[in-house]
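Below: the structure, in structure tokens.
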Ligand SMILES: [Mg+2]
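In the working numbering, the protein residues as written are 3 to 263.
Structure (structure tokens):
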């Protein structure tokens, strides 16, 4: 169904989720898990071998340690839970999870990560127009990912998993994260835009009172994003590169038949 795109240049501020919105981070996470689990499975003779299907069935979307426990449980393998400060060499659920985090950091440093081209172009456009922008991410790797992607300097405000832990912010879908992002940027959520690819994040932004919640459908599904609170759903942020431009024929028009992605 055609729908008008909001004019992001008129927002007080725009707060972006990171993973899946600005960077295709999921691929790096998937490769890091494969490095770790291939090694564990081989050394412990666990069968069948670790596969991408395992990632989606047992690991994706879960907290790191829960993903480890869930996957091992699927092979009837039980190891001690351990503790969050276990060394990456420890053969515990936490140790294996920490090993994955180290592998993720190594992959980021060695291979880098490129931002989605449409997302990079949009943050460049907003920056050029003087619209304040920030990042609201649950990840504790947000700073590393932003730096590896070469886009850290665009964002005066980054509210991430480390800030959340320090300030006692509740996880998405609670309002805390997106509320904190707007507060740190000094903007009113009721005149600002949130951009999210996850239902939990869209719900967080809606709960925080954002005027516009842009859902970026990278596979979650438009209906799910809308149900969670997205007010508009796109498949890539490049659709905003023409919308709202001074010479755009869709600017401030009453048209109800604007293009969609
Ligand atoms: Mg995301």
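The beta-carbon is built from N, C-alpha and C at its ideal position, and this holds for glycine as well.
What you are looking at is a predicted structure, and each value in this text was computed from that prediction instead of being measured.
- If you draw a 10 Å sphere on the C-beta of residue 49, you find fewer than 16 other C-beta atoms in it, and that means exposed.
- Those residues placing their Cβ nearer than 7 Å to any heavy atom of ligand 1 are, following chain order, 19, 20, 21, 22, 23, 198, 199, 200 and 203.
- Looking at 217, 185 and 192, the one whose alpha-carbon comes closest to that of residue 202 is 217.
- For residue 42 and residue 142, the gap between their C-alpha atoms comes out near 24 Å.
- By the beta-carbon neighbour count (other beta carbons within 10 angstroms, threshold 16), residue 58 is exposed.
- Per the coordinates, the alpha-carbon of residue 211 lies some 45 Å from the alpha-carbon of residue 79.
- The three-state reading of DSSP puts residue 91 in coil, since its state is none of H, G, I, E or B.
- For residue 125, the enclosing alpha helix (DSSP H) begins and ends at 119–130.
- Three or more Cβ pairs drawn from the stretch 99–109 and the stretch 26–37 lie within less than 8 Å of each other, which places the two stretches in contact.
- Here residue 66 really is in contact with residue 99; their C-beta atoms are around 4 Å apart, less than 8 Å.
- Contact check between the stretch 116–129 and the stretch 7–24: three or more CB pairs, one atom from each, fall below 8 Å, which counts as touching.
- Between residue 95 and residue 86 the beta-carbon gap is near 10 Å, outside 8 Å, which marks them as no contact.
- Residue 178 counts as buried, since no fewer than 16 other beta carbons sit within 10 angstroms of its beta carbon.
- Annotation: residue 146 to residue 172 spans about 22 Å, alpha carbon to alpha carbon.
- The bridge partners DSSP lists for residue 16 are 135 and 195.
- For the set 167, 207 and 241, the Cα lying nearest the Cα of residue 227 is the one of 207.
- Of the other Cβ atoms in all chains shown, 16 or more fall within 10 Å of the Cβ of residue 134; this residue is therefore buried.
- A Cβ-Cβ distance of about 12 Å is found for the pair residue 151 and residue 119, leaving them out of contact under the 8 Å criterion.
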